[in-house]
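Worksheet: the structure to be examined is printed underneath.
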Amino acid sequence: MSAELTAELASLREWVADRAKDLPPQGLTDDLPLLEGRHLTSLHIPELIQFLERISRRPIDVENLRPGDFRDIRTIAERFLEAS
Amino acid sequence: MTALREAIAAMSGTVDRLNELSREKYTNPYEALATWPDSLDATADWFTSPELSTLYGTPYWPEDEARQRELCFHESANFFSLNIHGEKALMQGLATRLYRPDLADIADYLHHFLDEENKHSVYFGTYCRRYARVYRSRHVPFPGGTDRAVEDLLFFAKVLIFEEIADRHNVLQARDDRLHPLARFINEAHHADESRHLVFNRAIVRAFWDTYVPEWTGERLTEIRKYLNQFFTTTWREYYNPDVYADCGYDDPWDVAEAAWQAPAQREHRRQVSAKCLRFFTSTGLLLEEPADVR
Chain R
33 MSAELTAELA SLREWVADRA KDLPPQGLTD DLPLLEGRHL TSLHIPELIQ
83 FLERISRRPI DVENLRPGDF RDIRTIAERF LEAS
Chain U
14 MTALREAIAA MSGTVDRLNE LSREKYTNPY EALATWPDSL DATADWFTSP
64 ELSTLYGTPY WPEDEARQRE LCFHESANFF SLNIHGEKAL MQGLATRLYR
114 PDLADIADYL HHFLDEENKH SVYFGTYCRR YARVYRSRHV PFPGGTDRAV
164 EDLLFFAKVL IFEEIADRHN VLQARDDRLH PLARFINEAH HADESRHLVF
214 NRAIVRAFWD TYVPEWTGER LTEIRKYLNQ FFTTTWREYY NPDVYADCGY
264 DDPWDVAEAA WQAPAQREHR RQVSAKCLRF FTSTGLLLEE PADVR
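So the sequences go chain by chain: R and U. The working numbering applies: residue 33 is where the first sequence begins, and numbers increase by one. The working numbering applies: residue 14 is where the second sequence begins, and numbers increase by one.
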């Protein structure tokens, strides 16, 4: 994993941790289902998209998004950070 | 269900008056469109009141007036784009509720509401496509996960928040004689209909709330309040659109958006614009305190 990706992933974890509610006792993990587990709501997605654009420095094609793209931190990172 | 029908029936005086006004004020948007110019000069006129720009009062507000006007022009297209996306979701929600048996008493008004929202979108869409562009929304549609009573309340409460914030912009800009006549016209036309929609929205949100709140647990109420708090943030965030800043030549449009969002002058601006709406939400008990981002 590149240093750049490591930094982006750390930023992503911090962003989610600041907003997620009702985290389990083990805390936030990369495979915790964020929307399905109702830790985030669909209302967080526009802000999350803008945050991902900011840290990856490239726009996201919103027309081709699916709810599954935001399943958990690992999925988000694979979908939006690793290709940059 | 009976309690809801009674609450809706209690709105009948208001709804009858709104129906009458909508029929009196019925308009054909295509008559106005026929008078619109083929092009606009973004740097020669104001299309957004400068004080309503998302960069006003921040270090990113340009020094040069032509660049200020250009930014305000793109922000007008963003404001109208937000309304296009908001009204699309609104029209879907209204159409879903048309002729639902428990809402049958407001079916006539839902027709007016839908008709008027569609006409607004004709104005917004024509402006954006003829002179600028339709800025994308970052909202992703998700299937609803709550029960119908909660969905009804949240739908109309979200419409109310979105429209109250937009309407405040409309009111201020409709009377701003620095603005190009077309920008003033669109803001004025939108406000003329929205003032009726807001009366309806406040009445129906109160009807849903008063009907259902006695049945809901404290946990559910907390969830609803958190959701509405977040909706305030989400709604306001979209005004700070990096795509607008990119169109105006800013090198780091996402950083500009974040810095503008955090700027004290902008926080105060959001608080002032949201004040009337927040008074309704706190006075009814829908919110117990003002959302942190507009406090």
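We treat Cβ as the ideally placed atom computed from N, Cα and C, and that holds for glycine. Remember, it's a predicted structure, so these values are computed and weren't measured experimentally.
**Paired residues, beta bridge with residue 113 (chain R) - DSSP** = Looking at the DSSP assignment, residue 113 (chain R) forms no beta bridge with any residue, so it has no partner.
**Request:** Pull up the distance between the alpha-carbon of residue 137 (chain U) and that of residue 51 (chain U), whole angstroms please.
**Result:** 15 Å
**Asked** Would a check of beta-carbon distances place residue 76 (chain R) closer than 9 Å to chain U?
**Response** yes
**Request:** Tell whether a beta-carbon distance below 9 Å holds between residue 248 (chain U) and residue 178 (chain U).
**Result:** yes
**Prompt:** So what does residue 59 (chain U) bridge to, in DSSP terms?
**Reply:** U:192
**Prompt:** When the Cα atoms are used, what is the spatial distance from residue 116 (chain R) to residue 269 (chain U)?
**Reply:** Legend: pLDDT at residue 116 (chain R) = 47, less than 50; position of this residue unreliable, value from coordinates given subsequently. Between residue 116 (chain R) and residue 269 (chain U), the C-alpha separation is close to 21 Å.
**Request:** With a 10 Å radius around its C-beta and 16 neighbouring C-beta atoms as the bar for buried, classify residue 24 (chain U) as buried or exposed.
**Result:** buried
**Request:** To the nearest angstrom, report how far apart residue 195 (chain U) and residue 87 (chain R) are at their CA atoms.
**Result:** 38 Å
**Min CB distance residue 111 (chain R) to chain U below 9 Å** = no
**Prompt:** Got a sec, what are the start and stop residues for the alpha helix (DSSP H) residue 290 (chain U) sits in?
**Reply:** 277-297
**Message:** I'd like to check one pair, residue 94 (chain R) with residue 151 (chain U): are the Cβ atoms closer than 9 Å?
**Reply:** yes
**Message:** Taking the alpha helix (DSSP H) that residue 249 (chain U) belongs to, which residues open and close that run?
**Reply:** 231-250
**Request:** Indicate whether the contact test is met: 3 or more Cβ pairs, each with one atom in the segment 288-306 of chain U and one in the segment 241-259 of chain U, closer than 8 Å.
**Result:** yes
**Endpoints, the alpha helix (DSSP H) within which residue 85 (chain U) is located** = 78-110
**Item:** Euclidean distance between Cα positions of residue 29 (chain U) and residue 43 (chain R)
**Value:** 53 Å
**Message:** If you follow the alpha helix (DSSP H) that residue 148 (chain U) is in, where does it begin and where does it stop?
**Reply:** Premise fails: residue 148 (chain U) is in no alpha helix (DSSP H) and is neither H nor E.
**Request:** List the endpoints of the continuous alpha helix (DSSP H) containing residue 132 (chain U).
**Result:** 120-144
**Message:** Out of U:168, U:209 and U:257, which one is the CA nearest neighbour of residue 218 (chain U)?
**Reply:** U:168
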